[in-house]
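Quick mapping for you: the protein sequence lines, in order, are chains A and B. Residues 245 to 444 (the numbering used here) are what the first sequence spells out, left to right. Residues 18 to 186 (the numbering used here) are what the second sequence spells out, left to right. Beta carbons are placed, not taken as given, at the ideal position from N, Cα and C, and that holds for glycine.
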Amino acid sequence: MQDPIAIPTYNNQYTYFWTGICIFFLGISLSSPLHAEKKKKNIYEDEDVYLRSVYRSPEQLAAFYEGREFPHAAIKRITQSCYVTIILKNKTNDILWLELDNWVFEQKGKIIQRYDRQYWNKQWDDVKLQQSYRSTFGWTLMPEVRDLRAGEGVGGSIPIPMQTENFSLTLNFATGENKKGKIKSVKLPNIHCKQDIDEE
Amino acid sequence: MKILTFILSILVLSSQTLWAKESLPTGLIHLDGRQAPPLKLNDMDGNPFDLSKLKSNWVFVHFWATWCGPCRKEIPTIQAILSEYKNSKLKFAIINTAESEDLIFEFLGIVAPDIVPLMDNDGLVTERWQPRGLPATFFVDPDGKLRYLALGGRPWDKDIYKAFLDKMR
Chain A
245 MQDPIAIPTY NNQYTYFWTG ICIFFLGISL SSPLHAEKKK KNIYEDEDVY LRSVYRSPEQ
305 LAAFYEGREF PHAAIKRITQ SCYVTIILKN KTNDILWLEL DNWVFEQKGK IIQRYDRQYW
365 NKQWDDVKLQ QSYRSTFGWT LMPEVRDLRA GEGVGGSIPI PMQTENFSLT LNFATGENKK
425 GKIKSVKLPN IHCKQDIDEE
Chain B
18 MKILTFILSI LVLSSQTLWA KESLPTGLIH LDGRQAPPLK LNDMDGNPFD LSKLKSNWVF
78 VHFWATWCGP CRKEIPTIQA ILSEYKNSKL KFAIINTAES EDLIFEFLGI VAPDIVPLMD
138 NDGLVTERWQ PRGLPATFFV DPDGKLRYLA LGGRPWDKDI YKAFLDKMR
């Protein structure tokens with residue numbers, strides 16, 4: 245006859261064993277290259293949207309625009325801002341409305357106003373920037389409004405004032421041809437302005 | 018005579034409906050047939066190009082820039098098909114948006130040396146066409162009207178896209 249005390253001990257061993265197995269496989273799945281890649285690349289994905297956010301430090305931005313032969317005065321203005329670059333794909337079979345005015349940058353309950361195209365036109369007037377550079381810079385920005393068709397993707401940067409603390413971005417999308425469909429919202433928490441010393 | 022006119026009208030209407038509902042390869046959409054904006058530019062070798070002189074041809078009007086990731090992926094697929102349509106009714110207008118000759122030359126020399134792009138030096142022609150982003154490809158019909166738009170970059174050298182282009186040759 246078995247010691248009644250021994251039975252739970254025996255079961256506990258099984259419990260520990262199977263719990264260990266589950267934790268092991270959970271650990272494997274969480275540390276798999278796919279998951280790690282998604283996490284590293286700041287990817288959000290659900291049945292409606294694919295979203296990837298990219299952050300560039302002032303030095304990286306300067307390198308990009310220097311490579312495009314931008315004048316120093318313009319690069320100086322560009323690198324004073326913080327850029328959140330979003331790559332977005334509409335996974336629905338309906339129209340998804342990208343409207344930057346409905347995207348909210350927020351830090352501790354306070355709204356951060358983005359720098360719109362009017363702001364940049366003023367900057368470029370100040371430094372007398374040639375039209376070709378204005379055009380290139382404009383195409384690197386996220387469009388203000390876009391009726392994203394089924395399967396269509398879009399990408400671009402959204403400049404905001406440089407921040408020293410983390411903030412969030414809530415992306416609200418109207419849906420349907422007449423914007424009468426459900427509102428789709430995605431919140432990206434804990435975003436920060438990448439600095440030159442940041443690690444990837 | 019009235020019956021004949023009626024039958025002909027029905028046939029014309031139904032053919033237009035069929036054309037309008039024709040299925041397109043992924044990423045292409047129908048446009049409303051409005052007149053294409055003017056497109057008069059010089060190519061990188063200094064040769065003039067004027068879209069209005071290409072009436073009776075289909076025209077593949079493509080906007081791109083070297084800094085744009087999807088453009089870099091797509092432009093070799095355009096280079097791959099250019100020679101196939103050289104003597105056809107499908108013409109190509111490949112427009113670089115607001116970049117210098119040096120940048121373009123360095124880039125195309127490696128990935129697509131046969132392409133001689135039109136130079137939209139200040140980017141204003143591109144803005145007038147209002148593409149949904151870069152890259153963008155419009156199809157202008159033989160009457161100079163905007164018929165189709167490719168959303169983003171497309172692999173033009175794949176069979177499904179070549180079959181679509183073959184209808185315009």
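Separation of residue j from residue i, as counted between CA atoms
| i | j | result |
| --- | --- | --- |
| E350(A) | N104(B) | 57 angstroms |
| P405(A) | K431(A) | 20 angstroms |
| S429(A) | M386(A) | 18 angstroms |
| R51(B) | A110(B) | 19 angstroms |
| L344(A) | Y359(A) | 11 angstroms |
| K179(B) | S40(B) | 14 angstroms |
| S32(B) | K70(B) | Confidence at S32(B) is low in this model, with a pLDDT of 44, below 50, so its placement is unreliable and the value that follows should be read with caution. Their backbone Cα atoms lie some 28 angstroms apart in a straight line. |
| Y102(B) | R186(B) | 7 angstroms |
Three-state class that DSSP yields for residue i in the structure shown
| i | result |
| --- | --- |
| W383(A) | helix |
| T43(B) | coil |
| I272(A) | Confidence in I272(A) is poor, its pLDDT being 48 and thus under 50, which makes the residue's placement unreliable; the coordinate value appears in the next sentence. Helix, per DSSP. |
| E116(B) | coil |
| D174(B) | coil |
| N359(A) | The sequence given here has Tyr at residue 359(A), not Asn. Here Y359(A) sits in coil by DSSP. |
| I92(B) | helix |
| A11(B) | Residue 11(B) lies beyond the range of chain B shown here (18 to 186); nothing can be said about it. |
| L342(A) | strand |
| I402(A) | strand |
| W146(B) | helix |
| V430(A) | strand |
| Q324(A) | coil |
| L166(B) | strand |
| V128(B) | helix |
Contacts around residue i, its chain only, beta-carbon distance under 8 angstroms, and the 5 residues preceding and following it disregarded
| i | result |
| --- | --- |
| G420(A) | D338 and I339 |
| W341(A) | V389, R390, D391, L392, F417, A418, T419 and K423 |
| I251(A) | Confidence is the limiting factor: at I251(A) the pLDDT is only 39, short of 50, which leaves the residue's position unreliable, though a coordinate-based value still follows. If we look at I251(A) and ignore the five residues flanking it on each side, it has no Cβ neighbours. |
Contact under 8 angstroms by Cβ, residue i with residue j
| i | j | result |
| --- | --- | --- |
| P54(B) | R164(B) | no |
| L151(B) | T114(B) | yes |
| K333(A) | V293(A) | yes |
| L45(B) | A167(B) | yes |
| I330(A) | I402(A) | yes |
| M136(B) | N74(B) | no |
Cβ-based neighbour list, residue i, same chain, cut-off 7 angstroms, excluding 5 preceding and 5 following
| i | result |
| --- | --- |
| Y377(A) | F314 and A318 |
| D62(B) | V133 |
| R149(B) | L168 |
| I322(A) | L305 and Y309 |
| I121(B) | M61, T83, N113 and P134 |
Contacts around residue i, its chain only, beta-carbon distance under 6 angstroms, and the 5 residues preceding and following it disregarded
| i | result |
| --- | --- |
| C437(A) | C326, M406 and Q407 |
Exercise. If you measure beta-carbon to beta-carbon, which residues of the stretch 107-133 of chain B are closer than 9 angstroms to chain A?
Worked result: For the stretch 107-133 of chain B, which is checked against every Cβ of chain A, the residues closer than 9 angstroms are T114, A115, E116, S117, D119 and L120.
Exercise. Between the stretch 57-89 of chain B and chain A, which residues of the former have a C-beta closer than 9 angstroms to a C-beta of the latter?
Worked result: Only those residues of the stretch 57-89 of chain B whose C-beta falls short of 9 angstroms from the nearest C-beta of chain A are listed: A82, T83, W84, C85, G86 and P87.
Exercise. Any residues in the stretch 344-368 of chain A with a beta carbon nearer than 8 angstroms to a beta carbon of chain B? Which ones, in chain order?
Worked result: Correct list: empty, as no residue qualifies.
For this session: Give the residues from the stretch 144-171 of chain B that approach chain A closer than 8 angstroms (Cβ to any Cβ), ordered along the chain.
Result: Interface annotation for the stretch 144-171 of chain B against chain A: E144, R149, G150, L151, L168 and G169, criterion Cβ-Cβ distance under 8 angstroms.
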